[in-house]
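Undergrad: Protein chains in written order, with our numbering: chain F, 1 to 420; chain Y, 421 to 840.
2 protein chains.
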Amino acid sequence: MSSLLEQITEIARAARQASRALAGVNSEVKNQTLKAMAEALNASGKVILAENAKDLEAGKKKGLSAAMLDRLTLNPDRIQAMAQGLSEVAALPDPVGEVTSMWPRPNGLLIGRVRIPLGVIGIIYEARPNVTVDAAGLCLKSGNAVILRGGSEAISSNLCLGKILAEVAGKQGLPRAAIQVISFTDREAVDHLLDQEEFIDLIIPRGGEELIRRVVLRSKIPVIKHYKGVCHVYVHADADLDKAYRISMNAKVQRPGVCNAMETLLVDQAIAPRFLPEMARRFQEAKVELRGCENSRELCPAMKPATEADWYAEYLDLILAVRVVDGLESAIAHIQKYGSDHTEAIVTENYSAARKFVQEVNSSSVMVNASTRFSDGFQYGLGAEIGISTTRLHAYGPMGLTELCTTKFVVYGDGQVREK
Amino acid sequence: MSSLLEQITEIARAARQASRALAGVNSEVKNQTLKAMAEALNASGKVILAENAKDLEAGKKKGLSAAMLDRLTLNPDRIQAMAQGLSEVAALPDPVGEVTSMWPRPNGLLIGRVRIPLGVIGIIYEARPNVTVDAAGLCLKSGNAVILRGGSEAISSNLCLGKILAEVAGKQGLPRAAIQVISFTDREAVDHLLDQEEFIDLIIPRGGEELIRRVVLRSKIPVIKHYKGVCHVYVHADADLDKAYRISMNAKVQRPGVCNAMETLLVDQAIAPRFLPEMARRFQEAKVELRGCENSRELCPAMKPATEADWYAEYLDLILAVRVVDGLESAIAHIQKYGSDHTEAIVTENYSAARKFVQEVNSSSVMVNASTRFSDGFQYGLGAEIGISTTRLHAYGPMGLTELCTTKFVVYGDGQVREK
């Protein structure tokens, strides 16, 4: 029996080999495969639910929280939704082979850039089995081989889903190693995976901040990540009050547990007396706990006092930090100091303020008069989302299919040689 | 006195702060600064040459090779060339602020992607002082702060050049910390620099393979690199013989010491008897040592025998590995096995062969009927080159100004909030 390291290396090597074949597969074959995968999932409900039941039973024994168990649970509707997701990916345009630009040179050479897959992508994630299917679909469509390493809590579900997908790939003439789920639940298996820089091109961790930090610290392979989303809404002096109420409310309460929810509300001092008391009343009605700076609390004495730590906090809950700022410059300075480069919005009717905010705030998404909740690959019309990056290399913001690709240069000549 | 780590951290922190200011500087100011830098270099010839003389003297004492001393040497012509380079960068279009695409969504949101600088770039290089000026110019133009760490052999030259450039930046109202040259020559200083992932966004090592491997191994910051260029020319069965002779000769001998020179010539067996003996004769005339496979040596018995190691070799010299292959598939397989993802060319008049080669070879540059020596940012019309990447993340192939940038999303709304 070979060692764990050897087995993981073999998985990575097989993925590299599969990626070579996948890169040249045409859209029609990929789309047929995705649709066949969707059918196979729908046809395999019983098996999937049986394997999922094992995970749920083990999870209950381990004492997982109700929220964890919910994320882990599959049911016919959720299986149907995963299958539906694959069909939607099949319907998206294929990014591979697109000529993104092409230009002639004075010597007659024609130079172009053509999109190609990254190669092999490793996904490291936690308890949600749907990530197995979503990620496999997006990687396949973009011509990448994928290695999936989900949480130990979902191991039976993930292995079952991975097996169904790989079998379909094989039947459609694609390499089965295009989609591999790692069966080893030891943390060491992840460490070995993160050492395979020869065979894996990119690691995308999906999960909590702790998981992501662990992966970044350990990986020899480039990692695309976002640690947290400390998103801001800044209500400018010239805001339309109605828009400000609606956007602030939506950004905080429509789904507070996600990374594009607002965590800090910045209010211009010029509008604070008109805006903040009514806004606070609405938030309190919506059961949002408010933690305010001194100026906020003068206007709304019911707020708890905010501490320095609140400006850095990603609550992911019905809690909101509130700060009165003395103008646009201060709002931008606050965002630069405390923000996480995720998403920031200004609410204003003032053209110059909007322009300045959009130019000077270099978070991955910058918005005018819109809820931060729109920061999402589907909402942006990318058709899909494999994650959000808040670091600037390779991808910044929501990542769709094109972010799973790179471009190569192609050069069409007629015998040109270089003189000097 | 603070520790070396503290001092390096301070440099990195100052660069991050400078990068915030730089990101918003408009093109006019950046271009004026670049032109003023060019003038300052031309006006400071005496000082620069005096500092360079110190490096040369120390280098001679240390026993540096003649080639090393040559690379280290500045003279009025070379200073003029560096200044000229800055003026050329001033004339290039500014990548920052470009809206690369913008599209409406059904709910009325307008979504766009806007180019912004990466932030802070660290350049780690060897003995050529011109890199100090070239890299500083490209980083400034693309709105990035730069930290330069050249080899100890060039320390006096680099510090002098960096001081001149930073002073001009300061006079033009830009932060002086936009351009910083590290004065510490200990290798520890590099290690500390590679730990500053909070403040530095990208490391670009420029130099030999050993330097690059050391940087990659040590860095916590993303590194864009290419280890080596094992470039191939494949002479297809339907090649035009004259083009094949000219391209093969140019790719090998026009400048053998650079990464885009050909290292292995692949010859289709169908054309080998007509092509190879004459090509070998021309190469021998040009003093190129040939190392051939068995089939090559049957046609050209004067060739030395090639070993397995020759197929991996980057000679950077007048040496060439030659292999006869039994067709397009074998040529592609050889390139995939032994290549370095740098640049490969096919010589053919056959449309389908050209199409297949361009589609299936996923090196960073793939050429038809052109010399591999064109694989270069200037030759491609990028206007500049900060390096070549042979890994696929963020940039692949020659990197110009746009590769020193990323894009953020901007969202223009009218009060939109998210329903679900």
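Using N, Cα and C, we set each Cβ at its ideal position, and we do this for glycine too.
Just to confirm the assignment, what range does the beta strand (DSSP E) spanning Tyr421 (chain F) have?
TA: For chain F, the structure presents residues 1 to 420; residue 421 (chain F) sits outside this window and is missing.
Undergrad: Whose C-beta lies closer than 6 angstroms to the C-beta of Asp310 (chain F) among residues of the same chain, with five residues either side of it excluded?
TA: Within the same chain, Asp310 (chain F) has close Cβ partners Arg291, Ala321.
Undergrad: Just list the alpha helix (DSSP H) runs in the stretch 151-232 of chain F, keeping only unbroken ones of 4 residues or longer that don't cross its boundaries, in chain order.
TA: Entirely contained in the stretch 151-232 of chain F, the alpha helix (DSSP H) runs reaching 4 residues are, in chain order, 155-171, 187-193, 209-218.
Undergrad: Quick one: list the residues of chain F neighbouring Glu780 (chain Y), beta-carbon separation under 7 angstroms, in chain order.
TA: Those within 7 angstroms of Glu780 (chain Y) in chain F are Gly24.
Undergrad: State the DSSP-derived secondary structure class of Leu560 (chain Y), mapped to helix, strand or coil.
TA: Looking at Leu560 (chain Y) - three-state DSSP - the assignment turns out to be helix.
Undergrad: How far does the alpha helix (DSSP H) with Leu290 (chain F) in it extend, from its first residue to its last?
TA: Careful: Leu290 (chain F) lies outside any alpha helix (DSSP H), inside the beta strand (DSSP E) at 289-292.
Undergrad: Tyr396 (chain F) bridges to which residues according to DSSP?
TA: Its beta-bridge partners do not exist; DSSP assigns none.
Undergrad: I need the DSSP call for Leu427 (chain F), collapsed to helix, strand or coil.
TA: The requested residue 427 (chain F) does not occur in the structure, where chain F is confined to residues 1 to 420.
Undergrad: Report the neighbours of Gln756 (chain Y) on chain F: residues whose CB is nearer than 9 angstroms to its CB, in chain order.
TA: Chain F residues near Gln756 (chain Y): Arg20.
Undergrad: Establish whether the CB of Leu529 (chain Y) and some CB of chain F are separated by less than 7 angstroms.
TA: It does: the Cβ of Leu529 (chain Y) has a partner Cβ on chain F nearer than 7 angstroms.
Undergrad: If the criterion is Cβ atoms closer than 7 angstroms, does the pair Val89 (chain F) and Pro117 (chain F) meet it?
TA: No. Outside cutoff.
Undergrad: Is Asn472 (chain Y) helix, strand or coil when you go by DSSP?
TA: Helix at Asn472 (chain Y).
Undergrad: Helix, strand or coil, according to DSSP, for Ser716 (chain Y) in the structure here?
TA: It is helical.
Undergrad: Restricting to Cα atoms, I'd like to know which of Y:Ala458, Y:Lys583, Y:Cys825, Y:Gly593 is closest to Gln600 (chain Y).
TA: Residue Y:Lys583 is the option with its Cα nearest to Gln600 (chain Y).
Undergrad: When the Cα atoms are used, what is the spatial distance from Asn350 (chain F) to Lys356 (chain F)?
TA: Those two C-alpha atoms are separated by around 10 angstroms.
Undergrad: With a threshold of 7 angstroms between beta-carbons, can Ile624 (chain Y) be considered close to chain F, or not?
TA: No, Ile624 (chain Y) lies away from the interface with chain F (no Cβ there is under 7 angstroms from its Cβ).
Undergrad: With a threshold of 8 angstroms on Cβ separation, who are the neighbours of Gly173 (chain F) within its own chain once the five nearest residues in sequence on each side are excluded?
TA: The residues are Val29.
Undergrad: Quick check: Ala244 (chain F) and Val258 (chain F), are their CB atoms within less than 7 angstroms of each other?
TA: Taking 7 angstroms as the Cβ cut-off, Ala244 (chain F) and Val258 (chain F) do not qualify as a contacting pair.
Undergrad: Thr343 (chain F) lies in the alpha helix (DSSP H); which residues open and close that run?
TA: Here Thr343 (chain F) belongs to no alpha helix (DSSP H); instead the beta strand (DSSP E) covers 343-347.
Undergrad: So Asp621 (chain Y) packs on Leu393 (chain F), CB below 8 angstroms; how close in whole Å?
TA: Going by Cβ atoms, the distance from Asp621 (chain Y) to Leu393 (chain F) rounds to 7 angstroms, so yes, they are a contact pair.
Undergrad: Does the Cβ-Cβ distance between Leu72 (chain F) and Glu153 (chain F) come in under 7 angstroms?
TA: For Leu72 (chain F) and Glu153 (chain F), yes; Cβs fall inside 7 angstroms.
Undergrad: Mind listing the chain C neighbours of Met787 (chain Y)? Cutoff is C-beta to C-beta under 7 angstroms, in chain order.
TA: The question asks about chain C, but that chain is absent: this structure's protein chains are F and Y.
Undergrad: Here's the rule I'm using: 16 or more other beta-carbon atoms within 10 Å means buried, otherwise exposed. How should Asn446 (chain Y) be labelled?
TA: When all chains shown are included, Asn446 (chain Y) counts as exposed.
Undergrad: Leu393 (chain F) versus chain Y: which residues are under 8 angstroms apart at the beta carbon?
TA: Those are Leu538, Asp621, Leu622, Pro642, Leu813, His814, Thr826, listed as they occur along chain Y.
Undergrad: In the DSSP assignment, what are the bridge partners of Val745 (chain Y)?
TA: Per DSSP, Y:Asp688.
Undergrad: Could you please tell me which residues of the stretch 666-685 of chain Y, in chain order, have their CB closer than 7 angstroms to any CB of chain F?
TA: Cβ contacts with chain F: Arg666, Ile667, Asn670, Gln674.
Undergrad: Taking the beta strand (DSSP E) that Ile388 (chain F) falls in, what are its first and last residues?
TA: Note, Ile388 (chain F): beta strand (DSSP E), 387-389.
Undergrad: By Cβ distance, which residues of its chain are closer than 6 angstroms to Ile388 (chain F), with the 5 residues on each side in sequence left out?
TA: Taken in chain order, the residues that qualify are His226, Pro398.
Undergrad: Starting from the Cα of Leu193 (chain F), find the closest Cα among F:Phe409, F:Val417, F:Leu5 and give me that residue.
TA: Nearest of F:Phe409, F:Val417, F:Leu5 to Leu193 (chain F), Cα basis: F:Leu5.
Undergrad: With DSSP collapsed to three states, give me the class of Thr493 (chain Y).
TA: Of the three classes helix, strand and coil, the one that applies to Thr493 (chain Y) here is coil, per DSSP.
Undergrad: Which two residues bound the contiguous beta strand (DSSP E) that contains Asn369 (chain F)?
TA: Here the beta strand (DSSP E) through Asn369 (chain F) covers 365-370.
Undergrad: Please confirm whether Gln616 (chain Y) has its beta-carbon closer than 7 angstroms to some beta-carbon of chain F.
TA: With 7 angstroms as the cut-off, Gln616 (chain Y) does not count as an interface residue toward chain F.
Undergrad: Does DSSP classify Lys243 (chain F) as helix, strand or coil?
TA: In the structure shown, Lys243 (chain F) sits in a helix (DSSP, three-state: H, G or I).
Undergrad: Thinking C-alpha only, which one of F:Lys46, F:Ala40, F:Pro305 is nearest Asn75 (chain F)?
TA: Ranking F:Lys46, F:Ala40, F:Pro305 by Cα distance to Asn75 (chain F) puts F:Lys46 first.
Undergrad: Between Y:Glu764, Y:Ser772, Y:Thr826, which lies nearest to Lys408 (chain F) when the distance is taken from Cα to Cα?
TA: The shortest C-alpha separation from Lys408 (chain F) is found at Y:Glu764.
Undergrad: Output the residue ranges of the alpha helix (DSSP H) runs that lie fully inside the stretch 60-129 of chain F and measure 4 residues or longer, sorted by chain position.
TA: Those alpha helix (DSSP H) runs which fall completely within the stretch 60-129 of chain F and span 4+ residues are 66-72, 76-91.
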